[in-house]
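J.: 12 is the number that numbering that gives the first Met the number 0 gives to position 13 of the sequence shown; each next residue is one higher, with no gaps.
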Amino acid sequence: MMDAFQFEFMQNALAAGLLASIICGVMGSIVVVNRIVFLSGGIAHTAYGGIGLAFFMGWPYLVGTLGFSLAAAMIMAAVTLKARHRADTLIGVFWAVGMAVGIILIDLSPGYNVDLMSYLFGSILTVPDTDLWIMGAISVVIVAFVAFYYADILALSYDEEFARIRGVPVTALYFLLIAMLTVTIVMVIQVVGLILVIALLTIPPFIMERYARSLAVMMVGATALGMVFTISGLWLSCSFNLTSGASIILVAGGAFFLNLMVQRFFLTSRKNADG
0 MMDAFQFEFM
10 QNALAAGLLA
20 SIICGVMGSI
30 VVVNRIVFLS
40 GGIAHTAYGG
50 IGLAFFMGWP
60 YLVGTLGFSL
70 AAAMIMAAVT
80 LKARHRADTL
90 IGVFWAVGMA
100 VGIILIDLSP
110 GYNVDLMSYL
120 FGSILTVPDT
130 DLWIMGAISV
140 VIVAFVAFYY
150 ADILALSYDE
160 EFARIRGVPV
170 TALYFLLIAM
180 LTVTIVMVIQ
190 VVGLILVIAL
200 LTIPPFIMER
210 YARSLAVMMV
220 GATALGMVFT
230 ISGLWLSCSF
240 NLTSGASIIL
250 VAGGAFFLNL
260 MVQRFFLTSR
270 KNADG
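(1) Terminal residues of the continuous alpha helix (DSSP H) containing Ile177?
(2) Which residue's Cα is closest to the Cα of Leu13: Asp128, Gly166, Leu180 and Phe147?
(3) If you reduce the DSSP assignment to three classes, tell me which class Ser231 lands in.
(4) For Ile202, which residues from the same chain have a beta carbon less than 6 Å from its beta carbon, with the 5 sequence-adjacent residues on both sides left out?
(5) With a cut-off of 8 Å, do at least 3 Cβ pairs link the region 49-67 to the region 254-270?
(6) Determine the DSSP secondary structure at Gly48, reduced to helix, strand or coil.
(7) Quick check on DSSP: helix, strand or coil for Tyr118?
(8) I need the straight-line Cα distance from Trp132 to Leu176, nearest angstrom please.
(9) Helix, strand or coil for Arg85? Go by DSSP, reduced to three states.
(10) If you measure between the beta carbons of Gly121 and Gly66, is that distance less than 8 Å?
(11) Starting from Leu131, follow the alpha helix (DSSP H) in both directions and report where the run begins and ends.
(12) DSSP on Ser108, reduced to helix/strand/coil?
(13) Pairing CB atoms from the region 235-244 with CB atoms from the region 42-62, are three or more of them under 8 Å?
(14) Any idea if Ser28 is buried or exposed, counting beta-carbon neighbours within 10 angstroms, 16 or more meaning buried?
(15) If you draw a straight line from the alpha carbon of Ser20 to that of Ala146, how long is it in whole angstroms?
(16) If contact is defined by three or more beta carbon pairs under 8 Å, each pair taking one atom from either stretch, is the region 217-225 in contact with the region 164-183?
(17) Whole angstroms is fine: what's the gap from Ile247's alpha carbon to Ala215's?
(18) Which value, in whole angstroms, describes the spacing of the CA atoms of Phe54 and Ala71?
(19) What is the residue span of the alpha helix (DSSP H) that Gly166 lies within?
(20) On the criterion of 16 or more Cβ atoms from any shown chain inside 10 Å, does Asn11 qualify as buried, or is it exposed?
(21) Report all residues from its chain with a CB closer than 7 Å to the CB of Ala211; omit the five preceding and five following residues, and keep chain order.
(22) Could you check how far apart the C-beta atoms of Met134 and Ile22 are, in whole angstroms? I think they sit under 8 Å.
(23) For a test of the three-state rule: what should DSSP assign to Ser213, helix, strand or coil?
(24) According to DSSP, is Pro59 part of a helix, a strand, or is it coil?
(25) Hey, out of Leu89, Leu119 and Ser213, whose CA is closest to Gly101's CA?
(26) Can you find the residues in the same chain that come closer than 6 Å, C-beta to C-beta, to Phe205, ignoring five residues on each side of it along the sequence?
(27) Identify which residue in Phe228, Val261, Ser213 and Asp106 has its Cα closest to the Cα of Ile50.
(28) Return the CA-CA distance between Phe93 and Lys270, expressed in angstroms with no decimal places.
In structure tokens:
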């Protein structure tokens, strides 16, 4: 494994994975605590429509994908606030239609040569230096934003009515968080793929939620777990010549199920002791 890191592409892959862990650890904790995992999945899949639009119109990736995804995300966010009982249906529709639109537009694009699988599973081994700088900037912005508005985000996440009483602009803050989540997803999809984005956004925070005593600790723990999964997955892919993104997801998924089994074991043991 250490020999592999003498190559620049492996160094970039590790840096991309660690930066993605920071971004997804922070935003993923907010996603899990606010129970908007399905919304984040909807944004991630809808982003395919933006990818197709960007290629069809000949626009830069970020322009088309971010614009399309932000528009769809704002609609989904509005529905989750105004009609929660219908939110899952609308998100599911955006999920399916966004991907279909993206694929059709790419089919219609002149000189079509886009590998859709790279956006599904990512190409972490081919991350350029420019993407690393962008990810680094996004990491700084997200961490600074969350640190500055931490008290308001905490109030919104655990008790919306209390947040309103405290004078927190709940609606504006919620839309801003969804916008930042969209930027996170769009940027990280380009680097590590749609499936790995969802895995890093959900699995580390879910595992940490049970053990963390505060949202801040949950964010730090989720970031650390994401880094462990990334390093382990890259080691696995190098050792056995496997796809890097899928290997990272496999490690994260294994940890997820192991955590569930450990929780179940201790819960059963406690019940037997009490009984």
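Using N, Cα and C, we set each Cβ at its ideal position, and we do this for glycine too.
T.: According to the structure data:
(1) The sequence position of residue 177 within the sequence shown is 178, counting from 1. From DSSP, the alpha helix (DSSP H) with Ile177 extends over Val169 to Val191.
(2) By 1-based counting over the sequence shown, the position of residue 13 is 14. Here the closest residue by C-alpha is Asp128.
(3) In the sequence shown, the residue the question calls residue 231 occupies position 232. Of the three classes helix, strand and coil, the one that applies to Ser231 here is helix, per DSSP.
(4) In the sequence shown, the residue the question calls residue 202 occupies position 203. For Ile202, where only same-chain residues beyond five positions count, the Cβ hits under 6 Å are Ala251 and Phe255.
(5) No, they do not touch.
(6) As a working mapping, residue 48 is identified with position 49 in the sequence shown. Correct three-state label for Gly48: helix.
(7) Position 119 of the sequence shown, counted from the first residue, corresponds to residue 118. Residue state, collapsed to three classes: helix.
(8) Stepping through the sequence shown from its first residue, residue 132 is reached at position 133. Stepping through the sequence shown from its first residue, residue 176 is reached at position 177. The C-alpha of Trp132 lies about 22 Å from the C-alpha of Leu176.
(9) For the purposes of this step, residue 85 is taken as the residue at position 86 of the sequence shown. If DSSP states are grouped into helix, strand and coil, Arg85 belongs with the helices.
(10) By 1-based counting over the sequence shown, the position of residue 121 is 122. By 1-based counting over the sequence shown, the position of residue 66 is 67. Contact: no.
(11) Translated into positions along the sequence shown, residue 131 becomes position 132. DSSP places Leu131 in the uninterrupted alpha helix (DSSP H) bounded by Asp128 to Phe147.
(12) In the sequence shown, counting from the first residue as 1, residue 108 sits at position 109. Residue state, collapsed to three classes: coil.
(13) no
(14) Along the sequence shown, one-based indexing puts residue 28 at 29. Looking at its Cβ environment, which holds 16 or more other Cβ atoms inside 10 Å, Ser28 is buried.
(15) As a position in the sequence shown, residue 20 is number 21, starting the count at 1. As a position in the sequence shown, residue 146 is number 147, starting the count at 1. Between the alpha carbons of Ser20 and Ala146 lies a distance of about 17 Å.
(16) Contact fails: fewer than three Cβ-Cβ distances are below 8 Å.
(17) Start at 1 with the first residue of the sequence shown, and residue 247 comes out as number 248. Start at 1 with the first residue of the sequence shown, and residue 215 comes out as number 216. Taking the straight line joining both Cα atoms gives about 24 Å.
(18) As a working mapping, residue 54 is identified with position 55 in the sequence shown. As a working mapping, residue 71 is identified with position 72 in the sequence shown. Distance between the alpha carbons of Phe54 and Ala71 is about 18 Å.
(19) Residue mapping note: residue 166 aligns to position 167 of the sequence shown, counting from 1. Gly166: not part of any alpha helix (DSSP H); DSSP gives it neither H nor E.
(20) Against the sequence shown, residue 11 aligns to sequence position 12. Looking at its Cβ environment, which holds 16 or more other Cβ atoms inside 10 Å, Asn11 is buried.
(21) The residue you call residue 211 lines up with position 212 of the sequence shown. Cβ within range, chain order: Met217 and Gly220.
(22) As a working note, residue 134 is residue 135 in the sequence shown. As a working note, residue 22 is residue 23 in the sequence shown. Correct: roughly 7 Å between the Cβ atoms.
(23) Looking up residue 213 in the sequence shown gives position 214. Here Ser213 sits in coil by DSSP.
(24) The sequence position of residue 59 within the sequence shown is 60, counting from 1. Correct three-state label for Pro59: coil.
(25) As a working note, residue 101 is residue 102 in the sequence shown. Checked all of Leu89, Leu119 and Ser213; the closest Cα to Gly101 is Leu119.
(26) Position 206 of the sequence shown, counting from 1, holds the residue named residue 205. Only Val31 meet the Cβ criterion.
(27) For the purposes of this step, residue 50 is identified with residue 51 of the sequence shown, where counting begins at 1. Closest option to Ile50, Cα to Cα, is Asp106.
(28) What you label residue 93 is simply residue 94 of the sequence shown in a count that begins at 1. What you label residue 270 is simply residue 271 of the sequence shown in a count that begins at 1. If I take the Cα positions, the gap works out to 43 Å.
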